[in-house]
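Presented below is the structure to which this report refers.
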Amino acid sequence: MNNSRLVKISKYLSFVLRHHPEKIGIKLDPHGWVAIEELLIAAKHDNFPIWETELYTVVEKNDKKRFSLDSSGTLIRANQGHSVEVDLQLEPQIPPDILYHGTGSHAIDSIKKTGLQKMSRHHVHLSNDVNKAINVAKRRSGKPMILVVDAMAMSQDSYHFYLSANHVWLVDEVPPRYLQISSILRREKRLF
Ligand code: HQG
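Per the numbering used here, the very first residue in the sequence shown carries number 9; after that it's consecutive.
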């Protein structure tokens with residue numbers, strides 16, 4: 009399968025498995041799973057036919073491992089990023105000392121005031137890899153910005169962190185006092 013087909017299927021699956029299962033008439037279970045068979049039939053009726061082998065390739069090859077199969081191999085779900093109500097049954101984990109969040113300069117004034125908020129998703133998404141955060145930042149409007157999160161201090165202050173199956177760190181919010189906006193930005197400036 010060529011890369012553009014892979015990306016197209018991945019975007020389609022993100023749309024239905026994270027945000028709009030109802031648009032193709034499927035129902036996720038409380039933990040976000042849906043039967044692959046049901047999904048493929050619904051996609052076909054939605055004029056977006058996907059071969060079963062293509063689905064497995066996307067699960068395996070997707071750049072961010074956005075999807076998982078259950079242990080029986082018959083169910084699929086998105087690993088994170090949902091706006092629909094699902095309980096991914098993640099256990100709180102001790103985060104690394106520092107985590108990163110990529111955003112655009114247009115959001116900075118608001119973030120300085122209210123901190124990082126989950127907006128339409130279930131959590132604020134953070135990464136332990138600054139390059140991943142930079143890639144997210146590049147998708148945003150304005151200049152790409154990197155926020156450095158003092159995750160260790162937050163954890164010590166009893167904030168709960170979760171790690172998704174594809175290594176995205178999740179937290180309910182990041183108040184401004186745990187955020188540093190400029191230092192990494194200066195160091196990473198050459199990358200922008
Ligand atoms: C911003 C990608 C104003 C926040 C990535 C972000 C991620 C605020 C946007 C996943 C704010 C929300 C999620 C505040 C936060 N005022 N703006 N107080 N607090 N924001 O898409 O983190 O490719 O919901 O900075 O890897 O950008 O989709 O979150 O710009 O894991 O698989 O509000 O998307 O994964 O945007 O991206 P999003 P995100 P995928």
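Think of the CB as a built atom: it goes at the ideal place given N, C-alpha and C, for glycine as much as any other residue. Since the structure is predicted, the reported quantities are computational estimates derived from the model, not experimental observations.
C-alpha distance - residue i paired with residue j, whole-angstrom precision
{"i": "L48", "j": "E30", "result": "14 Å"}
{"i": "A145", "j": "E181", "result": "18 Å"}
{"i": "D54", "j": "P38", "result": "23 Å"}
{"i": "R13", "j": "L36", "result": "24 Å"}
{"i": "M162", "j": "F56", "result": "43 Å"}
{"i": "L96", "j": "Q88", "result": "8 Å"}
{"i": "I3", "j": "L25", "result": "Outside the displayed range of the chain (9 to 200) lies residue 3, so it cannot be described from this structure."}
{"i": "A51", "j": "E60", "result": "11 Å"}
{"i": "H90", "j": "S76", "result": "14 Å"}
{"i": "L15", "j": "S128", "result": "Looking at the sequence shown, residue 15 is not Leu but Val. Taking the straight line from one Cα to the other gives about 23 Å."}
Neighbourhood of residue i by C-beta distance below 7 Å, restricted to the same chain and skipping five residues each side
{"i": "I17", "result": "I58, E62 and V66"}
{"i": "H114", "result": "S149 and G150"}
{"i": "D78", "result": "W41"}
Interface flag, residue i vs chain C, CB-CB below 8 Å
{"i": "L171", "result": "Of the protein chains in the structure, only one exists, and it is not chain C."}
Distance cut-off 7 Å: residue i Cβ against heavy atoms of ligand 1
{"i": "L124", "result": "yes"}
{"i": "A173", "result": "no"}
{"i": "S76", "result": "no"}
{"i": "S79", "result": "no"}
{"i": "I189", "result": "no"}
{"i": "M127", "result": "yes"}
Residue nearest to residue i in terms of C-alpha spacing, selected from the options
{"i": "V157", "options": "V179, S172, A173 and L171", "result": "V179"}
{"i": "R185", "options": "V15, W177, A173 and L155", "result": "L155"}
{"i": "L124", "options": "W41, N139, L107 and D137", "result": "L107"}
{"i": "Q164", "options": "A173, P104, I189 and T122", "result": "P104"}
{"i": "D71", "options": "P183, M160 and H175", "result": "H175"}
{"i": "M9", "options": "Y64, V94, H133 and W41", "result": "Y64"}
{"i": "W177", "options": "H27, S166, V132 and N139", "result": "V132"}
Contacting residues, own chain, Cβ-Cβ under 8 Å from residue i (five flanking each side not counted)
{"i": "H168", "result": "P100, V179 and D180"}
{"i": "L98", "result": "Y170, L171, S172 and L178"}
Beta-carbon contacts of residue i that lie in its chain and below 6 Å, excluding the five residues immediately before and after
{"i": "G112", "result": "R148, S149 and G150"}
heavy atom of ligand 2 below 7 Å from residue i C-beta
{"i": "H109", "result": "Because ligand 2 does not appear in the structure shown, any question about it cannot be addressed here, the ligands present being ligand 1."}
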